[in-house]
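Taking it in order: structure first as structure tokens, then the write-up.
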Amino acid sequence: MADAASQVLLGSGLTILSQPLMYVKVLIQVGYEPLPPTMGRNIFGRQVCQLPGLFSYAQHIACIDGKRGLFTGLTPRLCSGVLGTVVHGRVLQHYQDSEKIEEVGPGNGQKETSSSFDRVIKETTREMMARSAATLITHPFHVITLRSMVQFIGRESKYCGLCDSIATIYREEGILGFFAGLIPRLLGDIISLWLCNSLAYLVNTYALDSGVSTMSEMKSYSQAVTGFFASMLTYPFVLVSNLMAVNNCGLAGGSPPYSPLYTSWIDCWYMLQKEGNMSRGNSLFFRKVPCGKTYCCDLKMLI
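Its first residue numbered 49, the sequence shown is counted upward by one per residue in this note's numbering.
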């Protein structure tokens, strides 16, 4: 019980600290660019035309809505985080309790490599079920969070309170409205999890020497690196999920002429891929000008 409470408190603290970052990221993902590009330098020192990064974007939001405006959508996101942590823990605890009953009999004399591989599959499957259950339960709060952020674009006040947002979605879209963008989000989580654990297993088994004294630390580092690599590969699923969650919901940021209406998440995927915008919002610091848009970066204005 104490561990669950500490996880909830830690998760809530990280959610509060990261809220401005997610706010900026979501607005960039939907293609909202209120600030003109400036001349900067890339990692090679070459002068390039680039869009403003995280801090300039956050300052723009603070100038309009104040510093409190940077925490728009925090309440439903906190509810999502707390509920997701509880559901995730309960599902894993259920599997652990079932495993204790099954492990009473003999049959543990397998080879180390085989049992290790089987354990990776078993643990990954359990984690997948726990994450999927948590995502399914908390997705309505995720949708409300995204829509409350995106309404900054058109200066609407349609999704302000949690209860009012729930009533609005149910009245206009029914139950399915709470699960807009769920499929690509689930697919992204599942693919990312299996990629991360599979790559970590291969690295820890065949690339690292088990005789190293700091083997546990090396394995934890490899898990972090493979997790980052897997999240990069599955980022398009996150982008498509967020776009579908706000698409055609009555907000300027999800309706024409600002945003096209997608018939499905697959249609959204193909359109983004055709435009070359599958990584939009992935970077918050070194941001190049999006494909299909032209800007004029005047050097004299920067002097």
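Note that CB positions come from ideal geometry on N, CA and C, so glycine has one too. Owing to the predicted nature of the structure, the values given are computational and were not obtained by experimental measurement.
Whole-Å CB distance - serine 196 paired with glycine 121, under 8 angstroms assumed:
The residue you call residue 196 lines up with position 148 of the sequence shown. The residue you call residue 121 lines up with position 73 of the sequence shown. With 8 angstroms as the limit, serine 196 and glycine 121 qualify as a contact, their Cβ atoms being about 4 angstroms apart.
The beta strand (DSSP E) with glutamine 98 in it runs from where to where?
Here the question's residue 98 lines up with position 50 in the sequence shown. Residues 95 to 99.
On the three-state DSSP scale, how would you describe threonine 282?
Start at 1 with the first residue of the sequence shown, and residue 282 comes out as number 234. Reduced to three states, the DSSP call for threonine 282 is coil.
Residues bridged to arginine 89 [DSSP beta-bridge criterion]:
On the sequence shown, position 41 is the one that residue 89 refers to. BP columns for arginine 89 point to Gln95.
Suppose contacts are defined by Cβ-Cβ distances below 7 angstroms. Is isoleucine 109 in contact with glycine 329 by that definition?
Position 61 of the sequence shown holds residue 109. Position 281 of the sequence shown holds residue 329. Going by C-beta atoms, isoleucine 109 is not nearer than 7 angstroms to glycine 329.
Return the chain-ordered list of same chain residues with a C-beta closer than 6 angstroms to the C-beta of isoleucine 64, the five sequence neighbours on each side being excluded.
For this step, residue 64 is matched to residue 16 along the sequence shown. Correct list: empty, nothing qualifies.
Below 6 angstroms CB to CB, which residues in the same chain sit around leucine 287 once its five sequence neighbours on both sides are set aside?
Within the sequence shown, residue 287 is the residue found at index 239, counting from 1. The answer, listed in chain order, is Gln77.
Bridge partners of arginine 335, per DSSP?
Within the sequence shown, the letter at position 287 stands for residue 335. In DSSP, arginine 335 forms a bridge with Leu99.
Measure the alpha-carbon distance for threonine 311 versus methionine 319 and round it to whole angstroms.
Residue 311 sits at position 263 when you count from the first residue of the sequence shown. Residue 319 sits at position 271 when you count from the first residue of the sequence shown. Rounded to whole angstroms, threonine 311 to methionine 319 spans 11 angstroms at the Cα level.
Can you tell me where the alpha helix (DSSP H) with tyrosine 249 in it begins and where it stops?
Taking the first residue of the sequence shown as 1, we reach residue 249 at position 201. 230 to 250 is the extent of the alpha helix (DSSP H) around tyrosine 249.
With 16 other Cβ atoms within 10 Å as the buried cut-off, status of proline 220
As a working mapping, residue 220 is identified with position 172 in the sequence shown. Before going on, a small fix: residue 220 reads as glutamate here, not proline. Looking at its Cβ environment, which holds fewer than 16 other Cβ atoms inside 10 Å, glutamate 220 is exposed.
With a threshold of 8 angstroms, are at least 3 pairs of Cβ atoms found where one atom belongs to the segment 133 to 140 and the other to the segment 172 to 186?
yes
Just mark isoleucine 223 as buried or exposed, buried being the case when its beta carbon has 16 or more other beta carbons within 10 Å.
Within the sequence shown, numbered from 1, the residue matching residue 223 stands at position 175. So isoleucine 223 counts as exposed.
By DSSP, does glycine 132 sit in helix, in strand, or in coil?
Taking the first residue of the sequence shown as 1, we reach residue 132 at position 84. Helix.
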